[in-house]
Each structure stands twice: as structure tokens, then as C-alpha cells.
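S.K.: Each residue of the sequence shown is one higher than the last, beginning at 1 in full-length UniProt numbering.
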Amino acid sequence: MKPPKVLRVTLAVGLSSLLVTGYSGNIASAETKSQLQDRLESVQKKQKNNTNDLNDSKEQLNENDRQQDNLAERIQTSQTKIQQLSSGIQLKQKEVAKNQADMSQLKNEIVKITKRIEKRDSLLRGRLRSIYINGGAISYIDVIMGSKSFGNFLDRLLALKTITDQDNNIINAQKKDKEAQLENKQLLQVKLEKTKKGLENLVSLKSQLDREQKRQKSMLAQLKVKETEINDTVMSKNEQADILAAQASVIKQQMGDLDREEARKKAEEEKKKADAAAKAQTAQTQSDSSSAGSAANNGSKKTVQSAPGQLSRPSRPH
1 MKPPKVLRVT LAVGLSSLLV TGYSGNIASA ETKSQLQDRL ESVQKKQKNN TNDLNDSKEQ
61 LNENDRQQDN LAERIQTSQT KIQQLSSGIQ LKQKEVAKNQ ADMSQLKNEI VKITKRIEKR
121 DSLLRGRLRS IYINGGAISY IDVIMGSKSF GNFLDRLLAL KTITDQDNNI INAQKKDKEA
181 QLENKQLLQV KLEKTKKGLE NLVSLKSQLD REQKRQKSML AQLKVKETEI NDTVMSKNEQ
241 ADILAAQASV IKQQMGDLDR EEARKKAEEE KKKADAAAKA QTAQTQSDSS SAGSAANNGS
301 KKTVQSAPGQ LSRPSRPH
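1. Report the three-state DSSP secondary structure of residue 32 (helix, strand or coil).
2. So is residue 43 buried or exposed if we call it buried at 16+ other beta carbons inside 10 Å?
3. Measure the C-alpha to C-alpha separation of residue 221 and residue 67 and round it to an integer number of angstroms.
4. Output yes or no for whether 8 Å exceeds the beta carbon distance between residue 76 and residue 117.
5. Should residue 237 be labelled buried (16 or more other beta-carbon atoms within 10 Å of its own) or exposed?
6. Do you know offhand how far residue 216's Cα is from residue 255's?
7. Take the Cβ of residue 187 as the centre, count every other Cβ of all protein chains shown within 10 Å, and call the residue buried at 16 or more, exposed below.
8. May I have the straight-line CA-CA distance separating residue 218 from residue 108, to the nearest angstrom?
9. How would you call residue 83, buried or exposed, if buried means at least 16 neighbouring beta carbons within 10 angstroms?
10. Which runs of the beta strand (DSSP E) at least 3 residues long sit entirely within the stretch 64–113? Give them in chain order.
11. Comparing alpha-carbon positions, which option in 171, 183, 99 lies nearest residue 125?
12. What's the C-alpha gap between residue 23 and residue 56?
13. Among the residues of its own chain, which have a CB less than 8 Å from the CB of residue 227, if the five just before and after it don't count?
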């Protein structure tokens with residue numbers, strides 16, 4: 001586990017301060033100004049690279065945020081569509097259930113119609129037997145034997161003039177029931193198939209949206225992980241910037257101390273030279289004064305020696 005940022009930066013600055021203290025206490029053993037300048041340029045280059053990396057990381061973070069916002073919006077849109085589809089599926093399921101109930105009811109009606117048809121069929125056959133017994137055997141035998149189907153049989157039967165109006169009504173009712181039975185069954189079957197197909201489409205679309213939303217949520221989770229990594233990088237780069245700034249400050253302080261030390265030494269050297277010059281000047285002045293005094297004394301002695309028998313007289317007043 002990494003130590004907190006403040007602690008790490010404080011440690012870096014503290015070490016830099018120790019470097020400054022150590023340098024100030026031992027200027028003679030420090031690096032030359034050229035070496036310090038090289039170090040400063042190296043640190044400044046690192047600062048520039050670190051700043052570029054930091055800006056890149058911040059841009060990545062901004063792009064990550066934009067992608068997260070976009071994904072969150074898409075997830076919300078998908079969720080809305082899923083809710084709408086779920087409602088549509090429920091309605092379709094109710095519609096299918098109703099159609100299935102109608103189909104069941106129709107089956108019951110078909111059973112009733114079938115019973116009526118069978119009853120009429122039995123009645124018609126009974127009447128045919130009666131006609132056959134009463135002498136109409138050839139015609140009705142032809143009808144029965146020549147019919148290809150029951151429907152064809154009914155059509156052929158209608159053509160016989162010997163069938164009474166009541167027989168004709170029974171046959172027409174029989175045909176209508178058959179037609180209604182077939183038509184209702186076909187219509188309901190089409191409706192049921194259409195409803196089931198619609199339900200299948202809705203379920204399929206919802207499954208696709210569920211998968212898409214799951215994929216989007218996975219992408220969002222990955223972006224959040226990436227965001228954490230980028231934030232760590234940004235934090236690290238910020239800390240690195242603080243450390244490099246502290247290092248640059250230390251080097252600049254060292255260079256300043258070196259400049260001041262060089263200035264102090266230069267001033268000290270100049271002072272020594274000035275003091276030496278002053279001493280030399282003083283010595284020269286004293287030497288010149290001593291030489292002048294000696295010359296004056298020598299002149300007085302020569303004057304006395306040139307008139308040894310004469311005494312000096314005081315001057316007379318005018």
C-alpha cells in the first residue's frame with residue numbers, strides 16, 4: 001500500500017531540505033556550477049515530460065468520462081426499451097392466452113357442429129333409405145356411388161328433383177355449418193399464429209436488448225476500472241511534479257549559495273588585495289618621508305661645516 005500523497009511529498013521536500021543544509025555546511029565539497037546547471041536542466045526536462053504525461057492522462061480521463069456518460073445514456077435508453085418491450089410481451093401473452101381460449105371455445109363449437117352434422121347426416125341417410133324403398137333406388141344409388149366426397153355427395157343430392165324442400169334445407173344447413181366450421185377454424189388459427197409470431201419477435205428483441213445492455217454495463221465497469229487507473233496515474237504525476245519542483249528548488253538554492261560563496265570569496269580576495277595595496281602604499285609613504293628627512297639633516301650639517309669661525313648676528317632694526 002502506497003503512503004498518502006502528502007506524506008510522500010513531505011518526505012521528498014524534507015530530503016531536499018537536508019540536501020540544502022548539507023550543501024550549505026560544506027560548500028567546498030559541493031558540485032560545480034556547471035554540474036548543478038546540468039542537474040537543473042535534467043530535472044527541468046523531467047518536469048516537461050511529466051507535464052506532458054500529466055496532460056495526456058487528464059485528456060484520457062476526460063475522454064473516459066465522456067465515454068461513461070455516453071454509455072450511461074445508452075444503458076438508460078436500452079432500459080426504457082426493455083421496459084416497453086416487457087409491457088408489450090405481457091400484452092401479447094394475454095392476447096395469445098385469449099386466442100388459445102377462443103381456440104378452445106371454437107373446438108367446443110366444432111364438436112357441437114360436428115354432432116349436428118352427424119345428426120343431419122343420419123337423418124339424410126334415413127330419408128335416402130326411405131326413398132330407396134319407395135322406388136327411387138336407381139337415382140339415389142347413382143348419387144351415392146358416384147360421389148367423390150361428402151361435399152360432392154351433397155351437391156349431387158341437391159340436383160335430384162325428388163328431394164323435398166325440407167331435405168334441401170337440411171343439406172344447406174349442413175353445408176353452412178361445414179363452411180362456418182372451416183372458416184372460423186382458419187381465421188382463429190391465422191390469428192393465433194400471428195400473435196405467437198409477434199410474441200416470439202418481442203421476446204427475441206428483448207433478449208437482444210438484454211444482451212446489449214449487459215455488454216454495455218460490462219464496458220461501463222471496464223471504463224470505471226480504467227478511470228481509477230488513470231486517476232492513480234494523474235495523482236502519481238502530480239506527486240512527481242511536486243518532487244521535481246522540490247528538486248529544482250534545491251538545485252537553484254545550491255546554485256544561489258554557490259554564487260554567494262563565489263561572490264564572498266571574490267570580495268574577500270579583493271579586500272586582501274586592497275589591504276595589501278594600502279599597506280604597500282603606507283610603507284612607500286613612510287619610506288619616502290624617511291628619505292626626505294635624511295636629506296634635510298644632511299644639508300644642515302654641510303652649512304655649519306662651511307663657516308666654522310663665524311658667529312651669527314642678530315639683524316639690526318631699520
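Every residue, glycine too, gets a C-beta built ideally from N, C-alpha and C.
M.R.: Taking the definition as stated:
1. coil
2. buried
3. 12 Å
4. no
5. buried
6. 57 Å
7. exposed
8. 53 Å
9. exposed
10. none
11. 171
12. Note that residue 23 has pLDDT 45, beneath the 50 cutoff, so the model's placement of it is unreliable and the number below is only indicative. Computed Cα separation, rounded: 37 Å.
13. 61, 64, 65, 68
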